[in-house]
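Q:
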Amino acid sequence: MAILVLIQYAYVRIQSIIKKYNNEILINNSYSLNEKEKEVIKIIYDLPVVIKTHVTNYLLH
Numbered sequence: 051m052a053i054l055v056l057i058q059y060a061y062v063r064i065q066s067i068i069k070k071y072n073n074e075i076l077i078n079n080s081y082s083l084n085e086k087e088k089e090v091i092k093i094i095y096d097l098p099v100v101i102k103t104h105v106t107n108y109l110l111h
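If you're matching positions, the sequence shown starts at 51 in this note's numbering and goes up one per residue.
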C-alpha cells in the first residue's frame, strides 16, 4: 500500500510540474527505459482509473 502512496505523490508532483511549465518542457527522446521504469510508467498511467475504481467500490452505503 505504501508504494501506491509514493506513486500517487509522484503523479501529483509530475502533474504540477507539467501545469507550471506547460509547453516549456522539452521532451528528450534520446534515452531508453529499463523494464522497471516502464512498469512504473504503466502504473502511474493507470493510477487515476485505479483510484476511481477503489473509491467507487469502497464507498460506505
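Positions of the beta carbon are idealized from the N, C-alpha and C atoms, including for glycine.
Note that the structure is a prediction, hence the values are computed from the model and not measured.
Between which two residues does the alpha helix (DSSP H) holding tyrosine 95 run?
A: The residue given as residue 95 occupies position 45 in the sequence shown. From DSSP, the alpha helix (DSSP H) with tyrosine 95 extends over 85 to 107.
Q: Can the beta-carbon of leucine 97 be found closer than 7 Å to that of tyrosine 59?
A: Residue mapping note: residue 97 aligns to position 47 of the sequence shown, counting from 1. Residue mapping note: residue 59 aligns to position 9 of the sequence shown, counting from 1. Contact: no.
Q: Measuring only the C-alpha atoms, how far is isoleucine 93 from leucine 54?
A: Mapped onto the sequence shown, residue 93 falls at position 43. Mapped onto the sequence shown, residue 54 falls at position 4. Roughly 9 Å separates the two Cα atoms.
Q: Can you name the start and end residues of the alpha helix (DSSP H) that tyrosine 61 belongs to?
A: On the sequence shown, position 11 is the one that residue 61 refers to. Where tyrosine 61 is concerned, the enclosing alpha helix (DSSP H) stretches over 52 to 71.
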